[in-house]
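Position 302 of the sequence shown, counted from 1, bears residue number 302 in my numbering, the numbering being contiguous throughout. Where is the CB? At the ideal position from N, CA and C, for every residue including glycine.
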Amino acid sequence: MWLNRDIVSIGDLSVDEIMEVIDRANEMLPYASSGHPKSPLANKIVATLFYEPSTRTRLSFESAAMRLGAKVLGFGSLEATSVAKGETLSDTIRIVNSYSDAIVLRHPSEGAARLASEFADVPVINAGDGAGQHPTQTILDIFTIWKESGPVNGKSIGFVGDLKYGRTVHSLSKALSLFDVSLYFISPDELKIPKHIKKDIEKRVAVKETKSLDDVISDLDVLYVTRIQKERFPDIEEYKKVAGVYVIRPSLISRGRKNLIVMHPLPRVDEIPPEIDNLPQAKYFKQASYGVPVRMAILDLILRGE
1 MWLNRDIVSI GDLSVDEIME VIDRANEMLP YASSGHPKSP LANKIVATLF YEPSTRTRLS
61 FESAAMRLGA KVLGFGSLEA TSVAKGETLS DTIRIVNSYS DAIVLRHPSE GAARLASEFA
121 DVPVINAGDG AGQHPTQTIL DIFTIWKESG PVNGKSIGFV GDLKYGRTVH SLSKALSLFD
181 VSLYFISPDE LKIPKHIKKD IEKRVAVKET KSLDDVISDL DVLYVTRIQK ERFPDIEEYK
241 KVAGVYVIRP SLISRGRKNL IVMHPLPRVD EIPPEIDNLP QAKYFKQASY GVPVRMAILD
301 LILRGE
C-alpha cells in the first residue's frame with residue numbers, strides 16, 4: 001500500500017492512512033534529534049528539488065532522510081542547474097529519477113508534482129506546488145494539533161489571513177473536513193477561501209466565514225495564522241490593500257479559550273509579533289520541529305513499505 005507511493009495531494013489519503021502516518025511519526029519522535037539507531041534507509045538516496053525558496057520544508061526533509069540513514073542530493077536554487085538553461089521539468093525528473101530512490105519536489109506551478117509523478121518511476125512527494133497542495137505540511141499540522149491540543153475530533157479550528165493563495169490552508173482544511181470538526185475561515189473579501197474548496201468542505205463539516213477574528217476568537221481551540229503572501233499577488237496594489245490586516249496581539253489571545261493553541265506554517269512577517277512567542281498558546285516553532293518526525297515517517301513508509 002505504501003511502497004513506492006506518490007504523495008501528491010492530501011486528497012489521495014484516507015483518514016486511516018493519515019493516522020497511520022501520524023502513528024509512525026510518533027514512533028519516530030525519539031529519533032528526530034538523534035537519528036534512528038538502525039538506519040533503515042541506509043541504502044537509499046532522496047533527491048530534494050526546490051524550484052522555490054524554502055527553509056523548513058527542505059531542511060526538515062533532508063534532516064529526516066539523514067536521520068534514517070539515507071543520503072541526500074538536490075538543489076535549492078536554479079542558478080547552478082540546467083533549469084537555468086531552459087531544461088523542462090519533465091526532463092529534469094527523468095534524469096533525477098535515475099539518480100535517486102525518491103524525489104521531493106517544490107515548484108511554483110500548481111499541478112507540477114502530479115506531472116512529475118507521471119515521468120518518475122520512483123515516488124514523488126509534493127513539497128508545495130504554487131497555490132495548490134502541500135500534503136506533508138498538512139500531516140505535520142494535524143500531528144501538531146494531536147500532540148499539543150489532543151484528539152482532532154471535536155475541535156473548532158480557525159484559519160486567518162491568506163486563504164485564497166495559501167496552499168497550507170487548502171490542504172489542511174480539506175483533510176480536517178474528514179474529521180468531526182468545525183472550521184472558521186477568517187479573511188478579507190480579497191483573500192477568501194476559493195469557492196470550490198469551501199463547497200467541497202461544506203459537504204462534510206460546519207463552516208463559518210467571517211472578516212472579524214475578534215468575533216470568533218472565543219469559539220476556537222486552534223488558531224491557524226497565515227502570512228499574506230506578497231509573491232502570490234499578480235498586482236502589488238492589491239497586496240498593499242490587505243497587508244497587515246490581521247495582527248495577533250496578546251490582548252486577542254487573552255480572550256481565547258484556556259487551551260487555545262496558535263499555529264503558523266511560517267515564515268511570518270508581521271502577523272505574529274515576537275511578544276507572542278513566549279506565551280503558552282504559541283506552538284508554531286514546535287509545529288516546525290514536528291516536520292522532521294512526520295517526514296521521517298513518510299519516507300520510511302514509501303521507501304520500505306512497512
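*Beta-carbon separation of residue 154 and residue 180 under 8 Å?*
Closer than 8 Å, so yes.
*Name the residue from 37, 39, 35 and 78 whose alpha carbon lies nearest to the alpha carbon of residue 54.*
78
*Whole-angstrom Cβ separation of residue 126 and residue 7, contact assumed at under 8 Å?*
6 Å
_Quick check: the Cα distance between residue 110 and residue 212, rounded to an integer number of angstroms?_
About 30 Å.
*Which first and last residues belong to the beta strand (DSSP E) in which residue 49 is found?*
Residue 49 -> beta strand (DSSP E) spans 45-50.
_Length-filtered (4 minimum) alpha helix (DSSP H) runs lying within the stretch 95-169_ = 112-119 and 135-149
_By alpha-carbon positions, which one of 288, 295, 250 and 105 ends up nearest to residue 130?_
105
*My understanding is that residue 333 touches residue 46, with C-beta atoms under 8 Å, so please give their C-beta distance in whole angstroms.*
In this structure the chain extends from 1 to 306, so residue 333 is not present and cannot be described.
*Simplified DSSP assignment, three categories, for residue 211*: coil
*asked:* What residue range does the alpha helix (DSSP H) around residue 289 cover?
replied: Segment 284-289, the alpha helix (DSSP H) holding residue 289.
_Straight-line Cα distance separating residue 146 from residue 43_ = 32 Å
*Identify whether residue 254 lies in helix, strand or coil by the three-state DSSP scheme.*
coil
*asked:* Going by DSSP in three states, residue 224 sits in which element: helix, strand or coil?
replied: In this structure, residue 224 counts as strand in the three-state DSSP scheme.
_CA-to-CA distance, residue 69 to residue 39, given in whole angstroms_ = 4 Å
*Using DSSP with H/G/I as helix, E/B as strand and the rest coil, what is residue 1?*
coil
*Quick one: what does DSSP say residue 193 is sitting in, helix, strand or coil?*
When secondary structure is reduced to three states using DSSP, residue 193 falls in the coil class, being assigned neither helix nor strand.
_Minimum C-alpha distance to residue 132 - residue among 9, 287, 289 and 285_ = 9
_residue 247 and residue 273 - do their beta-carbons sit closer together than 8 Å?_
yes
*Pairwise C-alpha distance: residue 171 and residue 28*: 23 Å
*Sorry if obvious, but does the Cβ on residue 100 come closer than 7 Å to a heavy atom of the ligand NAP?*
The ligand content of the structure shown is nil, which means the ligand NAP is not present either.
*asked:* Residues in the same chain with beta-carbon distance under 8 Å from residue 218, minus the five sequence neighbours each way, listed in chain order, please.
replied: 255, 256 and 257
*Report buried or exposed for residue 3, applying the criterion of at least 16 other Cβ atoms within 10 angstroms of its Cβ.*
exposed
*Taking the Cβ atom as the reference point for each residue, do residue 266 and residue 56 lie within a distance shorter than 8 Å?*
yes
*asked:* Using DSSP's beta-bridge definition, name the partner residues of residue 206.
replied: DSSP output for residue 206 lists 182 as bridge partner(s).
*Nearest-angstrom Cα distance between residue 12 and residue 201?*
15 Å
*Taking 8 Å as the cut-off, decide whether the C-beta atoms of residue 164 and residue 208 are in contact.*
no
*Three-state secondary structure assigned by DSSP to residue 85*: helix
*State the DSSP-derived secondary structure class of residue 272, mapped to helix, strand or coil.*
coil
*asked:* Between which residues of its own chain and residue 148 is the CB-CB distance below 6 Å, once the five residues before and five after are set aside?
replied: 261 and 283
*State the DSSP-derived secondary structure class of residue 73, mapped to helix, strand or coil.*
The answer is strand: DSSP assigns residue 73 an E or B state.
*Report the rounded CA-to-CA distance for residue 92 versus residue 65, giving the unit in angstroms.*
Each residue's Cα considered, the two are about 21 Å apart.
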